[in-house]
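Residue numbers (the numbering used here): 6 to 232. Just so it is clear, CB atoms sit at the ideal spot from N, CA and C, and this is done for glycine as well. As the structure is a prediction and not an experimental result, all values here were calculated from the model.
What follows is the structure, given as structure tokens:
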């Protein structure tokens with residue numbers, strides 16, 4: 006993933022097989038809001054070539070497409086060197102698909118009917134290395150995720166016990182949707198220290214990214230999804 010420059014627009018690739026949806030995203034993800042759509046794909050089969058031609062900071066991905074679906078396409082993107090994060094667009098009844106996208110490496114998910122400002126925030130967050138889990142469906146999605154990859158209770162207890170009290174606080178912050186700077190401010194530590202804690206959390210729990218850490222925190226009762 007190319008580092009996001011604060012003065013340059015966040016480059017976005019949109020992947021959705023409905024022109025109406027892509028048109029709506031064009032109206033929302035605008036340069037005046039610090040975003041720029043650099044390419045559009047009508048199917049998941051097109052996204053790897055689009056990334057080769059148009060380096061991007063985030064991919065906004067639909068799940069249901071005719072040839073290559075969003076789960077498969079997410080896996081293809083995340084397998085690339087310096088892969089950008091993937092933000093999944095979903096509807097209220099696609100829990101199983103969203104769970105699959107998380108397992109494939111998606112950085113988060115947001116409902117298609119979310120307010121425009123929320124979508125802009127989500128894109129910015131994942132482009133900057135954070136995760137975004139829409140609270141409206143997080144509980145259900147994680148329940149579906151749990152049923153597919155549930156660890157044993159004994160293994161879970163051992164993993165959690167390996168974390169220090171401070172690492173648990175940082176993990177709770179991650180799962181609450183806080184950015185590194187917000188975690189640093191609330192815990193009265195430096196952002197560099199936050200990054201060090203996050204690195205140790207990933208290593209101890211064998212997690213690959215921020216989204217996986219959030220899933221772990223919900224799945225193991227470190228935080229509870231809103232009801």
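Item                                                                                                                                 : Value
Limits of the alpha helix (DSSP H) - the one that residue 126 falls within                                                           : 121-132
Same chain only: Cβ atoms within 6 angstroms of residue 123, ignoring 5 sequence neighbours per side                                 : none
Residues that DSSP places opposite residue 44 in a beta bridge                                                                       : 18
Cβ distance (whole Å) where residue 21 is taken to contact residue 67 below 8 angstroms                                              : 4 angstroms
Residues of its chain near residue 183, where Cβ-Cβ distance is below 8 angstroms and the 5 sequence neighbours each way are ignored : 191
Reduced DSSP secondary structure (H/G/I, E/B, other) of residue 113                                                                  : strand
Residue 8 versus residue 98: straight-line alpha-carbon distance, rounded                                                            : At residue 8, the pLDDT of 49 sits below 50, so the modelled position is not reliable and the matter cannot be decided from this model.
Buried or exposed (CB count within 10 angstroms, at least 16 for buried), residue 130                                                : buried
Cβ contact check for the stretch 23-36 and the stretch 49-57: 3 or more pairs under 8 angstroms                                      : no
Residues near residue 76 in its chain [Cβ-Cβ closer than 6 angstroms; skip 5 each side]                                              : 105, 106 and 109
Simplified DSSP assignment, three categories, for residue 68                                                                         : coil
Coil, strand or helix - residue 96 by DSSP                                                                                           : coil
Proximity of residue 219 and residue 179 at Cβ, strictly below 7 angstroms                                                           : yes
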